[in-house]
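Novice: Mind having a look at this structure? Questions to follow.
Laid out in structure tokens, this is it:
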């Protein structure tokens with residue numbers, strides 16, 4: 001994939017930050033020494049961590065140069081590291097590993113969650129949130145259009161970039177033996193957006209990227225038009241003309 | 001139904017209180033004058049409200065004498081009122097109406113939510129949480145067993161005591177015109193319980209009551225045995241022998 005576009009991602013910053021806030025609210029840690037924001041993106045989640053624990057050493061980790069540039073502008077006194085979590089280990093003494101909306105992109109993520117949980121000191125916390133929306137119309141429809149001509153050949157691999165997430169019981173069995181406490185839940189948000197085009201704008205910043213990045217501009221335009229038409233049919237307007245984007249996310253909080 | 005049993009309800013107090021905490025976390029009010037805990041039960045949610053807003057006048061409202069007795073023991077300096085929310089209006093100047101796990105029992109609850117939201121002053125908040133679990137195995141199976149002999153005749157009405165909740169879009173259309181801000185979401189908890197019997201104990205405190213209250217002791221025992229056997233099949237043990245009780249709940253936070 002091309003690099004992430006921080007500006008596109010931040011178009012819905014308030015709505016996108018609520019899951020990070022909800023995740024943070026369930027982390028019981030009071031005075032951590034070191035905190036790592038894994039997949040920190042443009043630093044919106046990192047800012048929440050700094051606000052909650054002003055005395056901790058908070059670092060951000062991301063694979064995207066564009067995201068890291070924005071994060072450094074936002075929090076110039078904090079350290080941001082370009083790294084892929086699949087090949088990264090936290091510095092010794094890290095008490096909180098916070099991973100908001102990143103592990104859905106990491107192949108075999110359960111293996112890495114186990115590795116990170118196992119590496120925590122007693123009382124340390126691994127807090128994870130992932131979109132669990134591949135079975136929502138928003139995502140079913142991007143695959144459905146991609147399977148049609150003329151996009152089929154170029155996009156046949158796009159749907160494979162993200163795996164469907166395991167059920168809560170699978171995370172439970174994998175992580176429970178490594179923890180003293182484990183909470184697993186889903187929250188299904190209903191984001192109020194202006195219309196079908198706004199839903200497309202929203203997913204353009206994340207889930208739609210593997211589908212439109214490989215396309216040249218003319219194919220991209222026709223793909224987006226076909227996708228937008230289906231979105232409009234799947235998300236009918238409310239009485240006030242708005243649409244509700246149903247968005248399920250899974251949350252895991254593991255305390256070592 | 002017979003009166004509520006506070007002791008049965010409180011068997012899972014920590015787990016039952018998390019939704020109330022999650023609801024409260026999304027109420028933006030900083031310094032309310034008066035706060036009403038509608039359906040206060042044994043006062044566990046009321047205690048959260050008193051802790052959050054120690055300077056507010058917090059009252060509790062419930063239909064159950066047993067619950068109110070426990071609530072008064074827990075918070076002896078606060079006012080608890082025996083009333084049905086369907087025939088109750090908040091005192092003037094009430095800034096927060098908090099209703100945790102009560103409106104699912106109120107017939108035509110959407111009408112009452114609209115009435116309460118309409119009556120708020122500007123900035124006032126109506127915060128509601130309801131179990132939305134009638135389509136979960138735990139509840140499908142209590143109806144399934146009730147439809148069989150010998151319980152059929154006595155329990156045919158039990159399943160009608162609670163309506164399936166409307167979809168988020170219905171609440172949105174009903175409440176949005178009355179509010180400046182409206183958040184609607186579901187959280188699906190996974191309660192870790194010791195086994196199928198613990199699931200039965202859990203629902204005995206709430207959803208199972210209309211099914212077992214009408215039965216004499218011998219029928220009740222056979223009903224519970226048949227129900228427990230089905231629960232055991234529907235909720236297989238995790239690797240450590242525990243079961244996960246999946247429990248969806250809907251949350252509404254309306255700001256006038």
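Protein chains in written order, with full-length UniProt numbering: chain A, 1 to 256; chain B, 1 to 256. Glycine residues also receive a C-beta, built at the ideal position from the N, C-alpha and C atoms.
1. Check whether the Cβ of residue 146(A) lies closer than 7 Å to any Cβ atom in chain B.
2. Quick one: Cα of residue 172(B) to Cα of residue 134(B), how far?
3. I'd like the ranges of any beta strand (DSSP E) spanning at least 3 consecutive residues and lying wholly in the region 112 to 142 of chain B.
4. Between the region 176 to 187 of chain A and chain B, which residues of the former have a C-beta closer than 7 Å to a C-beta of the latter?
5. Against chain D, does residue 159(A) count as a neighbour if the rule is that its beta carbon must be under 7 Å from one of theirs?
6. So, at 8 Å on beta carbons, what are the nonlocal neighbours of residue 212(B) in its own chain, with the 5 sequence-adjacent residues on each side left out?
7. Does residue 171(B) come within less than 7 Å of chain A when only Cβ atoms are used?
8. Got a sec: which bits of the region 222 to 247 of chain B sit with their beta carbon under 7 Å from any beta carbon on chain A, in order along the chain?
9. Please classify residue 78(B) as buried or exposed, where buried requires at least 16 neighbouring CB atoms within 10 angstroms.
10. Does chain A have any CB closer than 7 Å to the CB of residue 44(B)?
11. Starting from residue 168(B), find everything on chain A with Cβ-Cβ shorter than 7 Å and list it in chain order.
12. Going straight from the alpha carbon of residue 131(A) to that of residue 52(B), what length do you get?
13. Below 8 Å, how does it come out for the region 177 to 190 of chain A and the region 186 to 199 of chain B: are there three or more Cβ pairs, yes or no?
14. If I'm right that residue 100(B) touches residue 36(B) with Cβ under 8 Å, what's the distance once you round it to whole angstroms?
15. At a Cβ cut of 7 Å, what residues of the region 19 to 31 of chain A count as close to chain B, listed as they run along the chain?
16. Here's the rule I'm using: 16 or more other beta-carbon atoms within 10 Å means buried, otherwise exposed. How should residue 156(A) be labelled?
17. Determine the direct distance from the alpha carbon of residue 252(A) to that of residue 227(A), and round the result to whole angstroms.
18. Hey, out of 38(A), 230(A), 96(A), 217(A), whose CA is closest to residue 256(A)'s CA?
19. Counting C-beta neighbours from all protein chains within 10 Å, is the total for residue 181(A) 16 or more, i.e. buried, or is it exposed?
20. Does the beta-carbon distance from residue 254(B) to residue 126(B) come in below 7 Å?
21. Please go through the same chain and pick out, in chain order, the residues whose beta-carbon is closer than 6 Å to the beta-carbon of residue 17(A), but skip the five residues on each side of it.
22. What is the DSSP secondary structure of residue 34(A), counted as helix, strand or coil?
23. If you follow the alpha helix (DSSP H) that residue 50(A) is part of, which residue opens it and which one closes it?
24. Residue 25(B) and residue 137(B) - do their beta-carbons sit closer together than 7 Å?
25. In three-state terms, what does DSSP make of residue 99(B)?
26. Since residue 71(B) is in the alpha helix (DSSP H), which residue starts that stretch and which ends it?
Specialist: Answer, in terms of the structure:
1. no
2. 21 Å
3. 125 to 131
4. 176, 184, 185, 186, 187
5. The structure shown contains no chain D; the protein chains it does contain are A and B.
6. 204, 220, 223, 224
7. no
8. 238, 239, 240, 244
9. buried
10. no
11. 190, 244
12. 31 Å
13. yes
14. About 12 Å; that fails the 8 Å criterion.
15. 25
16. exposed
17. 32 Å
18. 96(A)
19. exposed
20. yes
21. 44
22. strand
23. 44 to 52
24. no
25. strand
26. 65 to 74
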